[in-house]
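Asker:
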Amino acid sequence: MTQFLVYDIPDLHCKTCANVIKQALGFTAGVETIEIKFIERNALVSIDPKIISRKKIKAIIIALGFSAMLL
1314 MTQFLVYDIP DLHCKTCANV IKQALGFTAG VETIEIKFIE RNALVSIDPK IISRKKIKAI
1374 IIALGFSAML L
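Residue numbering for the sequence shown follows our numbering, starting at 1314 and increasing by one per position.
(1) Look at the alpha carbon of residue 1379 and the alpha carbon of residue 1362, and state the distance between them as a whole number of angstroms.
(2) Is it the case that the Cβ atoms of residue 1381 and residue 1368 are separated by a distance below 7 Å?
(3) Does the beta-carbon of residue 1384 have 16 or more other beta-carbons within 10 angstroms, so that it is buried, or is it exposed?
(4) Out of 1377, 1359, 1354, which has the shortest C-alpha to C-alpha gap to residue 1323?
(5) Less than 8 Å between the CB atoms is what I'm expecting for residue 1341 and residue 1359, so what's the real figure, rounded?
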């Protein structure tokens, strides 16, 4: 069953930052869709929770150099 998540990413400032996150998550097993809104500074991600956890998504975003908080 698909799980929909929203992460607040306060240090997301531009389309380039958004593309970095989108690319990294796009290559991650279990991630189904990604929508990055740099003006709102958030990421909407749908995942298959049997394959990947929401904590892992947050860890990927943090590893890219951004802070992230699940809303």
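Don't be surprised by glycine CBs; every beta carbon is placed ideally from N, CA and C.
Answerer: Walking through what the data contain:
(1) Position 66 of the sequence shown, counted from the first residue, corresponds to residue 1379. Position 49 of the sequence shown, counted from the first residue, corresponds to residue 1362. About 23 Å.
(2) Residue 1381 sits at position 68 when you count from the first residue of the sequence shown. Residue 1368 sits at position 55 when you count from the first residue of the sequence shown. Result no, Cβ atoms of residue 1381 and residue 1368 do not sit closer than 7 Å.
(3) For the purposes of this step, residue 1384 is taken as residue 71 along the sequence shown, with counting starting at 1. Burial call: exposed.
(4) Working through the sequence shown from its first residue, we reach residue 1323 at position 10. Checked all of 1377, 1359, 1354; the closest Cα to residue 1323 is 1354.
(5) Here residue 1341 corresponds to residue number 28 of the sequence shown, with the count starting at 1. Here residue 1359 corresponds to residue number 46 of the sequence shown, with the count starting at 1. Residue 1341 to residue 1359, Cβ: 12 Å. No contact.
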